[in-house]
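Numbering (the numbering used here), first residue to last: 13 to 379.
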Amino acid sequence: MSTELLRAIHDLEKEKGIAVDILLEAIEAALLSAYKRNFGSMQNARVVIEQETGVFQVFAQKTVVAGTENPKLEISLADAQVINPNYNLGDIIETEVTPRDFGRIAAQTAKQVVVQRIREAERNIIYEEYADRAGEIITGIIQRIEQRNAYIELGKTEAVLTPPEQMPGENYYPDMRLKTYIVEVRKTNKGPQILLSRTHPGLLRRLFEFEVPELREGLIELKSVSREAGARSKIAVSSKDENIDPVGACVGSKGMRVQSIVDELNGEKIDIVEWDTDASKFIANSLSPSKVVAVEVWEDEKIARVIVPDYQLSLAIGKEGQNARLAAKLTGWKIDIKSETQMKEIYAQYDQYDHEQNDHEQAVAKD
């Protein structure tokens, strides 16, 4: 192998971060394969490359045995001890068998391996760089749109924003700068595949952590998130410091903190509610912006009945049930919303039923 190629390998280590040892091991393996293919497929052998000079050598390997059955793979103990009296059964004897005209094949093979390993190493480096970043926000530039998939340039690599992960109503176009959430990083034969999202609840969580210092510092905690991307979201927050209002911290002065997130999500409405250890209070808070009169809970079934003023019923349920759905996702409870009038009717039915049962029991007792 030429000293020029060896210098090129060292240059690659500096430029690409690919260790020289890894490249040389790969070249040795490829040279061994080339040797067996062209000169001795039945032999056990190994190739050694001198890192300082680039000189390579091929060594045939034979195992010391009591009686040889395959001379290409074995050598008798007697013959081995003629070479060196210290050899014992099971030892490996190596003999240099470098072919004279192996240089051209070696150079060509080495170049092919270097190119291949450069690609593999670059892919591995990129994978390692992004593998632990799932769950983070990343900013990239859309390079192209193909079959509704948006391919986003992240610097050294490309990621994809598939249609299910795109926000409804958002228009994507080349050269558009976009913040996305890294959902998953997969290792494939063609390199790392980075899957992005604009709809994932984690995007909302990370945006709040970026905008609200109290969240990053652990003074307040974001307990849960529910989201219908592009339309409405809810987050529940609590404070570890009684002097800090968790909702106010997330809203920010004159609403600036939450507004920057709303702007990033193209007008998606965000309800910020206070988390509470008391399930009834938390459920009532979760139905913001509607007012709640009372909450009845059945702990074992995780079911809650929420009573709201008549004029607040449609607000509590939301358009097409959206507010109620988001509240249920946020709290983890099944929520049944009733107006005060509806509850009066239900209680009246219960009273009538109880009255009828009493009359029946009294009639039976007389008989």
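Beta carbons are placed, not taken as given, at the ideal position from N, Cα and C, and that holds for glycine.
A quick note: this is a predicted structure, and the numbers were derived from the prediction, not measured.
- Inclusion of Val197 and Pro204 in the CB contact set at 8 Å is warranted, their separation being smaller than that value.
- CA-to-CA, the gap between Gln155 and Ile329 works out to about 41 Å.
- Within the segment 99-174, complete alpha helix (DSSP H) segments of at least 4 residues are found at 114-143, given in chain order.
- The segment 110-127 and the segment 135-146 do not touch, with fewer than 3 CB-CB distances between them shorter than 8 Å.
- The beta-carbon distance between Pro258 and Ile282, rounded to whole angstroms, is 14 Å. This is too long to meet the 8 Å contact definition.
- Cβ-Cβ separation between Leu342 and Lys246: approximately 5 Å, consistent with a contact (criterion under 8 Å).
- Closest by C-alpha distance to Lys48, out of Val67, Val77, Lys26, Lys84, is Lys84.
- Residue burial annotation: Gln324 is buried, with at least 16 other C-beta atoms found within 10 angstroms of its C-beta.
- For the 8 Å CB-CB criterion, Val307 and Ser298 do not form a contact.
- Exclusion of the five residues before and after Ala46 leaves Ile117, Thr121 as the residues of its chain whose Cβ lies within less than 6 Å of its Cβ.
- Per DSSP, the unbroken alpha helix (DSSP H) holding Ile295 starts and ends at 291-298.
- Annotation: the segment 173-239 contains the following complete segments of the alpha helix (DSSP H) (minimum length 4 residues), in chain order: 213-223, 225-228.
- Ala92 sits in a helix when the DSSP states are folded into three classes.
- Minimum Cα-Cα distance from Thr80 among the listed residues Asp91, Ala72, Phe71, Val70 corresponds to Asp91.
- Selection Gly152, Asp113, Leu208 evaluated against Glu177 yields Leu208 as nearest (Cα-Cα).
- For the pair Ala339 and Lys346, the CB atoms are not nearer than the 8 Å cut-off.
- DSSP links Lys346 through a beta bridge to Ile315.
- Note on the segment 240-307: whole beta strand (DSSP E) runs with a minimum of 3 residues are 244-251, 281-286, in chain order.
- In this structure the segment 23-33 does not touch the segment 67-74; the number of beta carbon pairs closer than 8 Å is below three.
- Apart from the 5 residues on each side of it in sequence, Glu148 sits with its Cβ closer than 8 Å to the Cβ of Tyr193, Ile194, Arg218 in its chain, given in chain order.
- Residues Met13, Leu36, Ile39, Glu40, Phe68 of the same chain have their beta carbon placed closer than 7 Å to that of Ile61, with the five preceding and five following residues left out of the count.
- Sorting Asn201, Ala316, Gly115, Lys235 by C-alpha distance to the C-alpha of Gly214 places Lys235 at the top.
- Inclusion of Pro180 and Ala119 in the CB contact set at 8 Å is not warranted, their separation being larger than that value.
- Measuring C-alpha to C-alpha distances from Arg160 to each of Ser300, Pro175, Thr151, Val109 identifies Pro175 as the nearest.
- In the three-state reduction of the DSSP assignment, Gln334 falls in the helix class, which pools H, G and I.
- Per DSSP, reduced to three states, the secondary structure at Asn82 is coil, with no helix or strand assignment.
- Distance between Pro321 and Lys191, taken at the CA atoms: about 41 Å.
- The three-state reading of DSSP puts Ile329 in helix, counting H, G and I together.
- Our two residues, Val94 and Arg131, have alpha carbons roughly 48 Å apart in a direct line.
- Look at Val309 here: in three-state DSSP terms it is strand.
- The beta carbon of Thr110 lies closer than 6 Å to those of Gln69, Val70 in the same chain, with the five residues before and after it left out.
- With 16 or more other Cβ atoms inside 10 Å of its own Cβ, Glu226 counts as buried.
- Relative to His22, the option among Glu254, Asn82, Tyr139, Gln63 whose CA is nearest is Gln63.
- In the three-state reduction of the DSSP assignment, Gln354 falls in the helix class.
- For Ile39, no beta strand (DSSP E) segment is defined; the enclosing uninterrupted segment is the alpha helix (DSSP H) at 32-50.
- If you ignore the 5 residues before and after Asp103, its C-beta comes within less than 8 Å of the C-beta of Thr75, Val76, Ala92, all in its own chain and listed in chain order.
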